[in-house]
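Undergrad:
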Amino acid sequence: MVADTDAKKRRAALAALELVPKDSIIGVGTGSTVKFLIEALATRPGLVRAAVSSSDDSSTRLRAAGVAIADLNELSDLALYIDGADEANPARQLIKGGGGALTREKIIASAARRFVCIVDDGKIVATLGRFPLPVEVIPMARALVSRALTAHGGRPVWRQGFTTDNGNYILDVHGLVIDDPPALERELNQICGVVTVGLFAVRPADVLLIGTARGVDTR
Ligand code: 5RP
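Going letter by letter, the sequence shown gives residues 4 to 222 in our numbering.
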């Protein structure tokens with residue numbers, strides 16, 4: 004089962020590699036699907052000149068693969084961002100943050116002209132929300148934000164023992180009804196103490212590459 008899922012993730016990652024212009028600077032996300040992308044980049048020296056990375060973990064892997072790390076502040080344009088997701092709906096709206104890198108991921112997605120999302124077919128849902136929604140919070144506001152999320156109908160669970168690369172906490176919110184993802188993203192963003200909501204709906208993916216048992220579906 005894990006081997007099947009990994010094969011699907013690898014297929015999606017390899018399909019994304021075909022969309023990378025030679026000698027480009029790209030954004031690279033975080034997670035097990037992205038690991039396959041980084042592994043593949045190691046076999047194609049020169050394809051990518053540098054990468055803006057969404058996490059310390061991906062930066063370490065990229066450097067080991069021979070890819071330099073670029074500072075987003077030094078770039079006036081970023082053509083392409085490739086990242087995974089925890090859930091995707093038919094409108095290419097996503098839940099992300101299972102790996103806790105959602106804030107940097109959202110920054111890079113918003114900077115990129117094209118956001119290509121790579122997933123296995125087990126991540127596709129009709130309605131977002133089966134996967135608990137990760138929310139990054141400032142540590143001193145954890146209880147305050149938890150109460151506000153409960154008032155929104157969710158059941159926030161503190162991801163104890165985990166600190167983000169930005170020094171913050173994650174609340175995984177179960178049981179939310181997400182029938183209007185952009186509206187909920189905007190609403191939860193307004194809670195004081197929230198850094199980032201793991202809904203990627205205001206800026207969804209432009210392309211979804213879905214690894215399946217037979218190949219890759221493109222949406
Ligand atoms: C990390 C993320 C990942 O993209 C998401 O968790 C999917 O991970 P994986 O490819 O391991 O299933 O948002 O913050």
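Beta carbons: idealized from backbone N, C-alpha and C, even for Gly.
Since the model is a prediction, treat every value here as computed from it, not as a measurement.
1. Look up R222 in the DSSP assignment and say whether it is helix, strand or coil.
2. Which residues bound the alpha helix (DSSP H) around A2?
3. So, do the segment 55-72 and the segment 136-154 have three or more beta carbon pairs nearer to each other than 8 Å?
4. Locate the alpha helix (DSSP H) running through S149, then write down its first and last residues.
5. Quick one: what does DSSP say R158 is sitting in, helix, strand or coil?
6. DSSP beta-bridge partners for T199?
7. Near K38, what residues of its chain come up, given a Cβ to Cβ distance below 7 Å and the 5 sequence neighbours on each side ignored?
8. Tell me the rounded alpha-carbon separation between D89 and L136.
9. Hey, V119 and I85 are a contact pair by Cβ (cut 8 Å); roughly how many whole angstroms apart?
10. Is the CB-CB distance between R158 and I173 below 7 Å?
11. For R47, name the three-state secondary structure that DSSP assigns.
12. Taking 6 Å as the cut-off, is the CB of D80 close to at least one heavy atom of the ligand 5RP?
13. Taking L105 as the reference, which of D59, L212, L81 and E21 has the closest Cα?
14. Taking 6 Å as the cut-off, is the beta-carbon of A232 closer than that to any non-hydrogen atom of the ligand 5RP?
15. On the criterion of 16 or more Cβ atoms from any shown chain inside 10 Å, does G30 qualify as buried, or is it exposed?
TA: From the atom records:
1. Of the three classes helix, strand and coil, the one that applies to R222 here is coil, per DSSP.
2. No answer is possible for residue 2: the residues shown for the chain start at 4 and end at 222.
3. Taking 8 Å as the limit for Cβ pairs, the verdict is that the segment 136-154 does not touch the segment 55-72.
4. That run of the alpha helix (DSSP H) goes R145 to A154.
5. DSSP, read as helix, strand or coil, puts R158 in strand.
6. Assignment of beta-bridge partners to T199 by DSSP yields E139.
7. Same-chain partners within the cutoff: R64.
8. Distance between the alpha carbons of D89 and L136 is about 9 Å.
9. 5 Å between Cβ atoms; contact.
10. No, these two residues do not count as a Cβ contact at 7 Å.
11. Three-state DSSP puts R47 in coil, outside helix and strand.
12. Incorrect: D80 has no Cβ contact closer than 6 Å to the ligand 5RP.
13. D59 is the residue among D59, L212, L81 and E21 whose C-alpha sits nearest the C-alpha of L105.
14. For residue 232 there is no data in the structure shown, the boundaries of the chain being 4 and 222.
15. It counts as buried.
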